[in-house]
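Undergrad: In my numbering, the protein residues as written are 858 to 1060.
What follows is the structure, given as structure tokens:
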């Protein structure tokens, strides 16, 4: 009976990221992506890691500022309508502080929203510094993240483990999403994470 309960609990947890939140009828979409690695960042399937400091190797696209980076840039470009991201973030190891794990870019203007990870397991909004969820993303933890962006009404919401934890207004323009590891201006590695069950929906 106990083992059956555990299996059911794990199934429910996995289903959370596979289901859109926020109400309404959502359509699943599958955008393409390209990958960016800079200064020692590595990508292995859904696993993203950066070293403690830049290793001097440079890199390709997105490497001009010298930060360590291992990210997936999705080609889900949009400028209107409602768009949702969902995924399960697992923290494999972390010896740094203030590293980005998910971004929403405002076209050529750069990142509009950056969700960072602190050494104490806090998830926070890098732009403004507001805490999104305290202590939920420590080493060994898996956290379900959903972001809902209504580009037409200019609102952005972040759900953590199914609970709405962050809301703010957004600018106009075009947008796209990125996941992975990237050191913020005040941050440092190392960090090793896995993004599982990543999905996108539109409305």
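Virtual Cβ for every residue (Gly too), placed ideally from N, Cα, C.
Please confirm whether residue 941 and residue 877 have their CB atoms less than 7 Å apart.
TA: Along the chain shown, read from residue 1 onward, the residue named residue 941 stands at position 84. Along the chain shown, read from residue 1 onward, the residue named residue 877 stands at position 20. Yes, they are a contact pair.
Undergrad: Okay, do the stretch 919-933 and the stretch 975-995 touch, 3+ Cβ pairs below 8 Å being the bar?
TA: With a cut-off of 8 Å, the stretch 975-995 and the stretch 919-933 do not count as touching, because too few Cβ pairs lie within range.
Undergrad: Measuring alpha carbon to alpha carbon, tell me which of 939, 990, 948 ends up nearest residue 1011.
TA: Your numbering for residue 1011 matches position 154 in the chain shown. Nearest option by C-alpha distance: 939.
Undergrad: What is the DSSP secondary structure of residue 943, counted as helix, strand or coil?
TA: One-based indexing of the chain shown puts residue 943 at position 86. Note: residue 943 maps to strand in three-state DSSP.
Undergrad: Select from 946, 1023, 998 the residue whose C-alpha is nearest the C-alpha of residue 984.
TA: Position 127 of the chain shown holds residue 984. Ranking the options by Cα distance to residue 984, first place goes to 1023.
Undergrad: Can you tell me which of 934, 1047, 1021 puts its alpha carbon nearest to the alpha carbon of residue 1039?
TA: Taking the first residue of the chain shown as 1, we reach residue 1039 at position 182. Comparing Cα positions, the closest option is 1047.
Undergrad: Who are the near neighbours of residue 1004 in its chain, counting only those whose CB is closer than 6 Å to its CB and skipping five residues on each side?
TA: Stepping through the chain shown from its first residue, residue 1004 is reached at position 147. Correct list, in chain order: 942, 1015.
Undergrad: Going by alpha carbons, who is nearest to residue 1055 out of 1000, 977, 1008?
TA: The residue labelled residue 1055 in the question sits at position 198 within the chain shown. Checking every option, the nearest Cα to that of residue 1055 belongs to 1000.
Undergrad: Report all residues from its chain with a CB closer than 7 Å to the CB of residue 966; omit the five preceding and five following residues, and keep chain order.
TA: Residue mapping note: residue 966 aligns to position 109 of the chain shown, counting from 1. Within the same chain, residue 966 has close Cβ partners 1030.
Undergrad: When you compare each of 948, 882, 925 to residue 1043 by their alpha carbons, which one comes out closest?
TA: Here residue 1043 is taken as the residue at index 186 of the chain shown, counted from 1. The shortest Cα separation from residue 1043 among 948, 882, 925 belongs to 925.
Undergrad: For the beta strand (DSSP E) that residue 1006 lies in, which residues bound it at each end?
TA: Position 149 of the chain shown holds residue 1006. It spans 999-1007 - the beta strand (DSSP E) in which residue 1006 sits, taken as one unbroken run.
Undergrad: Express the C-alpha separation of residue 1006 and residue 899 in angstroms, rounding to a whole number.
TA: Looking up residue 899 in the chain shown gives position 42. Looking up residue 1006 in the chain shown gives position 149. For residue 899 and residue 1006, the distance between alpha carbons rounds to 29 Å.
Undergrad: List the whole-angstrom C-beta distance separating residue 963 from residue 1032, where the pair is believed to meet the contact cut-off of C-beta under 8 Å.
TA: Numbered from its first residue, the chain shown carries residue 963 at position 106. Numbered from its first residue, the chain shown carries residue 1032 at position 175. Right, the Cβ-Cβ distance comes to about 6 Å (below 8 Å), so this counts as a contact.
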